[in-house]
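Below: one structure, written as structure tokens.
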């Protein structure tokens, strides 16, 4: 009975404190600064155990050095940082890639090309990088909030930023695409050079589409193809129907025209090897510039 009376007494004490809005007697509320600190003037919470705090004591020679250092720590912790806003040679604001809110494009759901949800959940994480003139132009990191409102990722390939390609990898993708190498093989080749690459096949497809869009430069595929044929010295002829749709396209290299004039009669080769060689040459000739525009 003594134990029950003690429990009832303790419970009544807690209820009395809650009713009086006095929580100072409870250890959970007695000293909030034990686990968190409040940044003066910004009302942003900081976890003192976060390794990101160590960067506030360092001087960075450039904006890029500061961003790289912050992203490395965030990556190890299971988060990805993106640039929220910046001003050249003055400041840069880094936030979690799940920060902010989705801005509706006012496109009806049934008319959208892709049925997808937003990754943005207004994560409050935010740090600033500022260039200090008093420190001979060095960059310093300032903390606004180190808190996240979501769990860290165990697989960083889920973050779009972590699947980005370097400039060298983009050039390799373009070269291999021009050679007709499938996206899966392109991805395998890139992973051999960079075992830490987190990109997936869809990223290769998207990058190829962007490369094609840049190469077209506002032209249609047919317009770009005709420009390539003309620039390559090809002779070509086209025909359209009444609605302006392309129906026929003929093109030939000047050397092929000269050979056809010199050798107007072509015999079917009886040797199997010769047949294979000729067909291979036909395919190589047809592949000139056409792979880029999706013609073959």
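Numbering (this note's numbering), first residue to last: 3 to 298. Note that CB positions come from ideal geometry on N, CA and C, so glycine has one too.
Residue 255 versus residue 232: straight-line alpha-carbon distance, rounded | 10 Å
Counting only the same chain and skipping the five closest in sequence on each side, list residues whose C-beta sits under 7 Å from that of residue 103.
-> 122, 124
Assigned exposure category for residue 201 - 16 Cβ within 10 Å defines buried | buried
Give the secondary structure of residue 58 by DSSP, where H, G and I count as helix, E and B as strand, and everything else as coil.
-> Residue 58 falls in the helix class under three-state DSSP.
Which term fits residue 89, buried or exposed, when burial requires 16 or more other beta carbons within 10 angstroms of its beta carbon?
-> exposed
Taking DSSP as the reference, what is the three-state secondary structure of residue 98?
-> strand
Evaluate residue 302 with the Cβ neighbour count: other Cβ atoms within 10 Å of its Cβ, from every protein chain shown; 16 or more gives buried, anything less gives exposed.
-> Residue coverage of the chain in this structure runs from 3 to 298, which leaves residue 302 outside it and unanswerable.
Nearest-angstrom Cα distance between residue 261 and residue 252?
-> Rounded to whole angstroms, residue 261 to residue 252 spans 17 Å at the Cα level.
Which ranges would you report for the beta strand (DSSP E) in the stretch 161-218 if only whole runs of at least 3 residues count?
-> none
Would residue 151 be called buried (16 or more neighbouring beta carbons within 10 Å of its own) or exposed?
-> exposed
State the Cα-Cα distance for the pair residue 158 and residue 230, rounded to the nearest angstrom.
-> 41 Å
Close Cβ partners of residue 181 (< 6 Å) along its chain, the five nearest in sequence each way excluded = none
Expressed to the nearest angstrom, what Euclidean distance is found between the alpha-carbon atoms of residue 199 and residue 75?
-> 18 Å
What residue from 147, 155, 213 has the CA that sits closest to residue 172's CA?
-> 213
From the DSSP output, which residues share a beta bridge with residue 144?
-> 130
Touching by the beta-carbon criterion (3+ pairs, under 8 Å), the stretch 132-151 and the stretch 62-73 = yes
List the endpoints of the continuous alpha helix (DSSP H) containing residue 77.
-> 65-79
Using beta-carbon positions only, say whether residue 175 and residue 129 come within less than 9 Å of one another.
-> One thing to note: residue 175 has its Cβ no nearer than 9 Å to the Cβ of residue 129.
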